[in-house]
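Before any comments, here is the structure.
Protein chains: 2
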Amino acid sequence: MMFTTKTEYGLKAMVRLAQNKSKKPTPLTQIAKEEHISQSYLEQIFSKLKSNDLVFAVKGSEGGYVLSRPASKINVFEIVEALEGPLAVFYCMAGESGKIGCSAKGCLTRRVWDELQKNIIKTLRKFKLSDLI
Amino acid sequence: MMFTTKTEYGLKAMVRLAQNKSKKPTPLTQIAKEEHISQSYLEQIFSKLKSNDLVFAVKGSEGGYVLSRPASKINVFEIVEALEGPLAVFYCMAGESGKIGCSAKGCLTRRVWDELQKNIIKTLRKFKLSDLI
DNA sequence: TAATAACCTACAAAAATAGTAGGATATGCT
DNA sequence: AGCATATCCTACTATTTTTGTAGGTTATTA
Numbered sequence: 859m860m861f862t863t864k865t866e867y868g869l870k871a872m873v874r875l876a877q878n879k880s881k882k883p884t885p886l887t888q889i890a891k892e893e894h895i896s897q898s899y900l901e902q903i904f905s906k907l908k909s910n911d912l913v914f915a916v917k918g919s920e921g922g923y924v925l926s927r928p929a930s931k932i933n934v935f936e937i938v939e940a941l942e943g944p945l946a947v948f949y950c951m952a953g954e955s956g957k958i959g960c961s962a963k964g965c966l967t968r969r970v971w972d973e974l975q976k977n978i979i980k981t982l983r984k985f986k987l988s989d990l991i
Numbered sequence: 859m860m861f862t863t864k865t866e867y868g869l870k871a872m873v874r875l876a877q878n879k880s881k882k883p884t885p886l887t888q889i890a891k892e893e894h895i896s897q898s899y900l901e902q903i904f905s906k907l908k909s910n911d912l913v914f915a916v917k918g919s920e921g922g923y924v925l926s927r928p929a930s931k932i933n934v935f936e937i938v939e940a941l942e943g944p945l946a947v948f949y950c951m952a953g954e955s956g957k958i959g960c961s962a963k964g965c966l967t968r969r970v971w972d973e974l975q976k977n978i979i980k981t982l983r984k985f986k987l988s989d990l991i
C-alpha cells in the first residue's frame with residue numbers, strides 16, 4: 859500500500875518545474891542532476907505526465923518541459939493518477955463491474971473500499987502543486 | 859497503490875469467523891474450501907492475525923480459530939495493518955524520522971502524505987467487522 | 001491410536017517495480 | 001552547415017514483492 863518511486867520522482871520534478879520562474883523550459887538533465895534521479899527513468903515519467911496534459915515539451919537545444927497550466931490549477935491527485943494509473947485499492951474496485959466473486963450488490967466490504975477511495979481522491983485533490991513550493 | 863490478496867483473503871476469513879454463531883472454533887479447512895483459498899496460504903495469514911491478537915487458536919481435532927473480541931470491537935484498520943504491516947504511503951513516511959533526502963522540517967510534500975495517511979486510517983477505523991456481516 | 005487441526009520453515013513461480021541502454025528525431029546556436 | 005542539446009521511443013534486465021507450494025512437527029479429541 860505504497861506509491862511507487864515514479865510518483866515520488868514525478869512529484870519532485872513537477873515541483874521543480876513550478877519553481878522555475880524564468881520562461882525557459884526546464885531540461886531533464888538539470889532535474890536528474892539536482893534530484894539524483896536517472897535521466898532515462900525521468901524521461902519515462904515525463905512521457906506519462908505529457909500524455910496526461912500536465913506538461914508540454916520543447917524539443918531541441920534550450921528545450922525542456924513546462925507546466926501546461928499554472929501550478930495553482932494542478933492538483934496532486936492528477937499527478938498521482940497519471941503516474942500510478944487509475945486508483946483502485948483492490949482488484950474488485952478496478953474496471954466497471956467487479957471481476958471475480960464480487961457482486962457489487964451484496965458486497966458489504968465494497969462499501970469500505972468505496973468510501974476509502976473517495977476519501978483518498980478528495981484529500982489528494984485538495985492539494986495543489988502551488989501548495990508545495 | 860493496492861492492498862494485497864493477504865488483506866483481501868484475511869478480511870473475508872475474518873468475516874467468516876464473525877458469522878459463526880456457534881461457540882465452536884472455525885477450522886481453516888472449511889474457510890479454504892468455501893472461499894477457494896489455499897489452506898497453507900490462509901495459515902500464514904492467520905499466523906499474523908493471531909500475533910496481532912485479533913484471533914486465538916484452538917489446536918487439535920474440533921479446533922480452529924475464534925475472534926479474540928466481539929466483531930463490533932474489531933475495526934478494519936486493525937486487520938489491514940496486521941496483514942500489510944504499518945501503513946506508509948511513501949518510504950519517507952516509514953520509521954520515525956524519514957530516511958533519505960527528506961528532512962521533515964522543510965518538506966512540504968510530507969504534509970500531503972501526513973494528511974492522506976491520517977485520513978486512510980480514520981476511514982478504515984470507522985468500519986467495524988460487525989458492519990460487514 | 002487415528003484423524004484433525006494448528007504451527008513452522010524453506011522454497012519457488014509469477015508479477016510488478018525500478019531502472020539501463022541505445023538509438024532516432026527535432027531544434028537552436030555558432 | 002554542423003554540432004550540441006533535448007525530447008522521444010523501444011527493448012531489455014535486475015531486483016523486489018507478491019503469491020503461493022510443500023513438507024514436516026506438535027497438540028488435541030473422538
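First to last, the sequence lines map onto chains A and B.
Numbered according to the working numbering, the first sequence spans residues 859 to 991.
Numbered according to the working numbering, the second sequence spans residues 859 to 991.
Note that the Cβ used here is the ideal one computed from N, Cα and C, for glycine as well.
None of these values were measured; they are calculated from a predicted model.
Less than 8 Å between the beta carbons of residue i and residue j, yes or no?
i        : j        : result
A:Asp989 : B:Leu966 : yes
A:Ala876 : A:Ile991 : yes
B:Leu982 : B:Val934 : yes
B:Phe861 : A:Val947 : yes
B:Pro885 : B:Gly921 : yes
A:Glu893 : A:Lys870 : yes
B:Met859 : A:Met859 : yes
Does the Cβ of residue i have 16 or more other Cβ atoms within 10 Å, making it buried, or fewer, making it exposed?
i        : result
B:Pro883 : buried
B:Phe904 : buried
B:Glu866 : buried
A:Gly918 : exposed
A:Ile958 : With a pLDDT of 41 at A:Ile958, under the threshold of 50, the predicted position of this residue should be treated as unreliable, though the coordinate-derived value follows. The residue in question, A:Ile958, is exposed, as its Cβ has fewer than 16 Cβ neighbours within 10 Å.
So, does the CB of residue i fall closer than 8 Å to a CB anywhere in chain A?
i        : result
B:Glu920 : no
B:Ile895 : no
B:Ile979 : no
B:Leu869 : yes
B:Asp972 : no
B:Glu866 : yes
B:Leu900 : no
B:Leu925 : no
B:Leu941 : no
B:Lys966 : Note that residue 966 of chain B is Leu in the sequence shown here, rather than Lys. Interface residue, yes.
Against chain B, does residue i count as a neighbour if the rule is that its beta carbon must be under 8 Å from one of theirs?
i        : result
A:Leu912 : no
A:Phe935 : no
A:Phe904 : no
A:Met860 : yes
A:Leu945 : yes
A:Thr887 : no
A:Leu987 : no
A:Thr884 : no
A:Glu892 : no
A:Leu990 : yes
A:Glu982 : The residue asked about is misnamed: residue 982 of chain A is Leu in this sequence, not Glu. Output row for A:Leu982: interface = yes.
Note down, in chain order, each residue of its chain lying with its Cβ closer than 6 Å to the Cβ of residue i, except the 5 sequence neighbours on either side.
i        : result
A:Ser955 : With a pLDDT of only 46 at A:Ser955, under 50, the local geometry of the prediction cannot be trusted, and the value read off the model is given with reservation. If we look at A:Ser955 and ignore the five residues flanking it on each side, it has no Cβ neighbours.
B:Asn910 : Ala940
B:Ser898 : none
B:Lys864 : Ile903, Leu941
Give every residue of the same chain whose Cβ lies closer than 8 Å to the Cβ of residue i, excluding the five residues on either side of it in the sequence, and list them in chain order.
i        : result
B:Phe914 : Lys908, Tyr923, Val924, Ser926
B:Ser896 : Ala890
B:Val916 : Pro883, Gly922, Tyr923, Val924
B:Thr887 : Gln897
Once you ignore the five residues that flank residue i on each side, which residues in its own chain have a CB closer than 7 Å to its CB?
i        : result
B:Gln975 : Leu945, Val947, Met951
A:Lys980 : none
A:Lys906 : Ala940, Leu941
B:Ile978 : Leu945
A:Gly868 : Ile903, Leu907, Ile937, Leu941
Is residue i near the ligand FMN, going by C-beta to nearest heavy atom under 7 Å?
i        : result
A:Asn933 : The ligand FMN is absent from the structure shown, which contains no ligand whatsoever.
Segment contact, 8 Å Cβ cut-off, at least three pairs: the region 934-948 of chain A with the region 939-947 of chain B
A contact between stretches requires three or more CB pairs, one per stretch, nearer than 8 Å, and the region 934-948 of chain A fails this requirement with the region 939-947 of chain B.
At least three beta-carbon pairs within less than 8 Å, the region 977-987 of chain A to the region 926-934 of chain A:
Enough Cβ pairs lie closer than 8 Å, so yes.
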